[in-house]
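Student: Supplied in C-alpha cells, the structure appears directly below.
Numbering (UniProt numbering), first residue to last: 1 to 182.
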C-alpha cells in the first residue's frame, strides 16, 4: 500500500527530522512518500504536483495544506473552496484512493497577518473541513484528521515551524492518521 503526504515546509522539515533521527514511515505493507515544497499553497499543489501524484498512484493521500493559503486577503471560505477543489480533482483521478485532510495548525508568528487573525481563520477552516468531511469512518473515501499535539513548546524560534520535539509529535500524529486506514 502506497501513501503520499503532500504539504508545505512542515513536511519538508519533518522529512529532514526523520533523516537526522533515523526514522522511517513504514508499517507492515504501508510505504509512505513525503512530498513538500516550502511555501506550498493549495493552488500550487494543483498546478505543480499532480504529475507526481499520478506517478506514485497512491492508495492513500494525506493533505497537510492550507496554512500558507491563509493571509490578510483571503477568507476561511476562500481556503476551503481551494481545498475542496483539490480534493475533488484527486478523488476523480484516483477514485480508489483514500484522502485524509489534515488540520491546519497554529502558528505563533504567521507571515503577513497577526497570529490572532491567522488563528481565527485557521479555526474556521478546520471547523468547515470537519463539517464537510467528518472524522474517520469505515468505508469513507475522504475524511478530516485533527492534529491534537500542538502547544507553544513545539514551535521553533521563528514562531512558524516546529522544533525537534514538535517534529517528533508531528511524526507520530501523521503516522496515526495513516494507520487509521490500514
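Yeah, the Cβ is synthetic: ideal placement off N, Cα and C, and Gly gets one too.
I'd like to know if residue 65 contacts chain B, where contact means its C-beta is closer than 8 Å to some C-beta of that chain.
Tutor: The structure shown contains no chain B, having only a single protein chain.
Student: Return the chain-ordered ranges of every beta strand (DSSP E) run that is complete within the UniProt domain "SGNH hydrolase-type esterase" (15-168) and spans a minimum of 3 residues.
Tutor: 30-36, 60-64, 98-102, 142-145
Student: Going by DSSP in three states, residue 6 sits in which element: helix, strand or coil?
Tutor: The answer is strand: DSSP assigns residue 6 an E or B state.
Student: By a C-beta neighbour count over all protein chains shown, 10 Å radius and 16 as the cutoff for buried, is residue 75 buried or exposed?
Tutor: exposed
Student: Let me make sure I understand the geometry here. Which of 131, 55, 170 has the alpha-carbon closest to that of residue 17?
Tutor: 170
Student: Starting from the C-beta of residue 179, find all residues in its chain whose C-beta is less than 7 Å away, skip the five residues before and the five after it, and write them out in chain order.
Tutor: 27
Student: Given residue 181, which residues of its chain have a CB within under 7 Å of its CB, disregarding the five upstream and five downstream residues?
Tutor: 60, 98
Student: With DSSP as the reference, label residue 178 as helix, strand or coil.
Tutor: helix
Student: Is it buried or exposed, residue 41, if we count other Cβ atoms within 10 angstroms and call 16 or more buried?
Tutor: So residue 41 counts as buried.
Student: Would you kindly work out how many angstroms separate the C-alpha atoms of residue 175 and residue 90, rounded to a whole number?
Tutor: 21 Å
Student: Roughly how many angstroms separate the alpha carbons of residue 141 and residue 149, rounded to a whole number?
Tutor: Roughly 25 Å separates the two Cα atoms.
Student: If we count Cβ pairs, one from each stretch, closer than 8 Å, do we get three or more for the stretch 7-24 versus the stretch 76-85?
Tutor: no
Student: Return the chain-ordered list of same chain residues with a C-beta closer than 8 Å to the C-beta of residue 54, the five sequence neighbours on each side being excluded.
Tutor: 93
Student: Using the Cα positions of residue 15 and residue 34, report the straight-line distance between them to the nearest angstrom.
Tutor: 7 Å
Student: Count the other CB atoms within 10 Å of the CB of residue 68; is the residue buried (16 or more) or exposed (fewer)?
Tutor: That one is buried.
Student: Check whether the Cβ atoms of residue 7 and residue 64 lie closer than 8 Å to each other.
Tutor: yes
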